[in-house]
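Below is one structure; the comments refer to it alone.
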Amino acid sequence: MAEPTNSEPALDNLVIDGEVIPGRLWLGTSLYPSPSIMGQSLQAAGPGFVTVSVRRQTACQIEDNGHWQLIDDWLQQSGSILLPNTAGCHSASEAILLANMARELFGSRWIKLEVIGEDYSLQPDPFELLVAARELVAQGFRVLPYCTEDLVLCQKLLDAGCPAVMPWGAPIGTGRGLQNLQGLKTLRERLPEAVMVIDAGLGKPSQAMQAMELGFDAVLLNTAVARALDPVQMASAFAAAVNGGRQAWQAGLMIERQQAQASTPTLGLPFWHQDGKA
Amino acid sequence: MPDPLQNRPQFAIAGVGLLGSLLGWRLARQGYRVNLFEQASEHTPAAAAYTAAAMIAPWAELPVCAPGLFELGKQSRLLWPQWLAELQQQTGEAVPFGNRGSLLVAHPADQSELTDFAQHMQRAGISSPAQLQPVNGEQLHQLEPELAGHFQSGFWLPQESHLENRQLLVLLQRAIRQLGGQIQYDAEVRFGDVDVQVNGQPVAAEQWLDCRGVGGKQSNSQVRGVRGEVLWIEAPDVVISRPVRLLHPRYHLYLVPKSAGRYILGATEIESDDRSPVSVRSALEMLSAVYALSPKLAEARIIELSSNVRPGLPSHQPEIRQIPQGLAINGLFRHGYLLAPAVLLQLQQQWQLPLDISPADASVDAVLLQHALQQELQQELQQELPA
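Here it is, written out as structure tokens:
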């Protein structure tokens, strides 16, 4: 981590697999009221990565896909990085195929690897995920897997060569925030060197800020912005929260204490007051 | 004897979908000579308007549509009944127009979708019972007895309506011909720098109106296709009298009653201009929704699965733009029936097209009309809804 510099509360760079990612808020591109509002929201958020899902049946028509052209135009002018994802896959083989199609279509080695194990909660399938991650890493992909907060799974994904892991906060689209706070804290403590991104389940800027304060390196979300009454303003709010949370992590949060402690020094007060007896 | 029409402007319309047909009809009624050109064959219609469910649902669409469309939608809601009456007067045939409102429901596990909808209504200042009625399970059952019993809450949007679009399109084309207009099918229109060619031959007109939707990329390069898939079922024994929308975190699905015991269920929304047949996945999603809305529909017969492509602009709002040969109108997207009459009113007011629309029908008098409608609805509410 870079040293905080003089008076500027500059954010440290996020580096994944040797590449500087230009932002710690990452955004999806579905569910917006219109492509124009999506564009304005991206502008307001300044996301590091922008995710796009690929559908097997329609992937071959990407060249004249108007929606993709709009995203591509925005990527060209903004510097954000495209992150294709394998949304909707239920097995390693499906995800591997889709990742290869995405690489061919978009000319990018980045892939958000998503393998769903349970349809109702859209919970990742850890077993298929690991199989797919190993294979895709071997094929030269930069794999960012969407996973649960299980420590052993995250460790194995990192061992497999994933340059980062993306544990969920809560099921996709629920907006419930960090459901297993203790598990996520443990993950951060036990894997201090790993790049970890909270992906899915964030509904409020305060939840994104909480993730950043815990030391997660970035957050990825979609619904909370796209389905807000005013998506553009919500994108700004999330950007501010992510910045604030990262600054707080860099600055070093105070440790919680059991006992009240006056923040203004009370000069001349004898030490025996501390036991509560006058 | 001199032709009294000779000095009138002459209009040529590219695209015989909803917009082209409505424009052709309104112009022909005024005595203008109108020629329409459609790329598809007469008996294999390709217009998105043919595949659509044809709801006029400004309230239900408000949370998922671009700002400003709500007001246009309300204008259209007021213009449609009058236009359908005029069409009936001319052709002798009535287009069924459902005006019993529509229902929004959600599974008990997805109640937050209803809360989300309520929040959008509140933000838009919509609270009058004539526009929005929260309903409980008993009231839902009262309004639509054949709806599944597990829906315990929802909304009734009493002013929403829907129409029989396939019949409308056929009647509009018949009406245009009756009034002397010509419709040429299998006609590929190409706009050059100055002239316009139809099947490679130059065709002159005083003004061209390009209403081609996704086919009109030539006049507006920002138009993109958004695939939609629908399902038609037939269930004469099951009576659901109003459109019912199933709010769900992942899908926007609705069931719309059509005549002769038929229902249309739609619609997927996929960012692609792919016109290939309906996918297994989409069919499964739609069929699950049918079954969830009313298990009695399990025995319904599937009579059609079709897909088409809606024309969307980046703003998801309609746009009228000047081209060298006239005007190009596009971008009605998912909202053809919701927006077309209001767009025609704009064409008359802002672009001086002689369409014989009384703006009062959609504005000043509309307040009175709405008032009358509200009184009517209050009575209906008292009759239909248990206290």
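One line per chain: the protein sequences are A and B, in this order.
Each residue of the first sequence is one higher than the one before, counting from 83 in this note's numbering.
Each residue of the second sequence is one higher than the one before, counting from 87 in this note's numbering.
C-beta: ideal position from N, C-alpha, C; glycine also.
In this text the structure is predicted, and so the values were computed from the model without any measurement.
Within the segment 301-354 of chain B, the runs of beta strand (DSSP E) at least 3 residues long that lie entirely inside it are, in chain order, 310-320, 330-333, 338-344 and 348-352. Listed along the chain, the chain A residues whose CB falls inside 7 Å of the CB of G311(B) are G148. Contact of S401(B) with chain A by beta-carbon distance below 9 Å involves S116, P117, S118 and I119. Put simply, the backbone Cα of A114(B) is about 31 Å away from that of S393(B). CA-to-CA, the gap between E295(A) and L233(A) works out to about 19 Å. In this structure, L109(A) is the residue among R185(A), L109(A), L96(A) and I103(A) with its C-alpha nearest to the C-alpha of L284(A). Not flagged as an interface residue toward chain A: S374(B), since no C-beta distance is shorter than 7 Å. G285(A) has a beta carbon lying at 7 Å or more from every beta carbon in chain B. DSSP, reduced to helix, strand and coil, places G240(B) within a strand of the structure shown.
Against H206(B), the close residues of chain A are L311, in the order they occur along the chain (beta-carbon pairs closer than 8 Å). Of the other Cβ atoms in all chains shown, 16 or more fall within 10 Å of the Cβ of H421(B); this residue is therefore buried. Contacts with chain B (Cβ-Cβ distance below 9 Å) from the segment 147-167 of chain A involve N147, G148, H149, W150, Q151 and L152, listed in chain order.
One thing to note: Y228(A) has its Cβ within 7 Å of the Cβ of D281(A).
Excluding five sequence positions before and after L339(B), the CB atoms of its chain that fall closer than 6 Å to its own CB belong to L332 and A375, given in chain order. Scanning S318(A), A293(A) and P249(A) for the CA closest to the CA of A330(A) turns up A293(A).
For G255(A), the neighbours in chain B by C-beta distance under 9 Å run, in chain order, P335 and R336.
Here the alpha carbons of V429(B) and L212(A) stand approximately 53 Å from one another.
Sequence-distant partners of I153(A) (beyond 5 residues in either direction) whose C-beta falls short of 7 Å from its own C-beta, in its chain, are T111, V132 and V134. Assignment of T230(A) by DSSP, reduced to helix, strand and coil, places it in the coil class.
Beta-bridge partners of G412(B) (DSSP): W294(B) and I409(B). E357(B) has a beta carbon lying within less than 7 Å of a beta carbon in chain A.
Taking a Cβ-Cβ threshold of 7 Å, the residues of chain A close to R209(B) are L311, in chain order. The beta-bridge partner set that DSSP reports for M141(B) consists of H248(B). Between the alpha carbons of G223(B) and A215(A) lies a gap of roughly 47 Å. Residue pairing of L195(A) in beta bridges, as defined by DSSP: P227(A). Two segments are said to touch when three or more pairs of C-beta atoms, one from each, lie closer than 8 Å; by this definition the segment 92-108 of chain A touches the segment 316-330 of chain A.
With the rule of 3 Cβ pairs closer than 8 Å, the segment 358-369 of chain B does not count as touching the segment 401-413 of chain B. A184(A) and S190(A) have their C-alpha atoms roughly 8 Å apart. Contact of A152(B) with chain A is assigned, a C-beta pair being separated by under 7 Å.
Under the three-state reduction of DSSP, G148(A) is assigned to helix. Between L295(B) and W242(B) a beta carbon distance of about 38 Å is seen, past the 8 Å cut, so the two are scored as non-contacting. By the Cβ neighbour-count rule, N147(A) is buried, with 16 or more other Cβ atoms within 10 Å of its own. Inclusion of T137(B) and L257(B) in the CB contact set at 7 Å is not warranted, their separation being larger than that value. With distances taken between CA atoms, E355(B) lies nearest to V395(B) out of A346(B), V395(B) and I389(B). In the structure shown, W250(A) adopts coil according to DSSP, grouped into three states.
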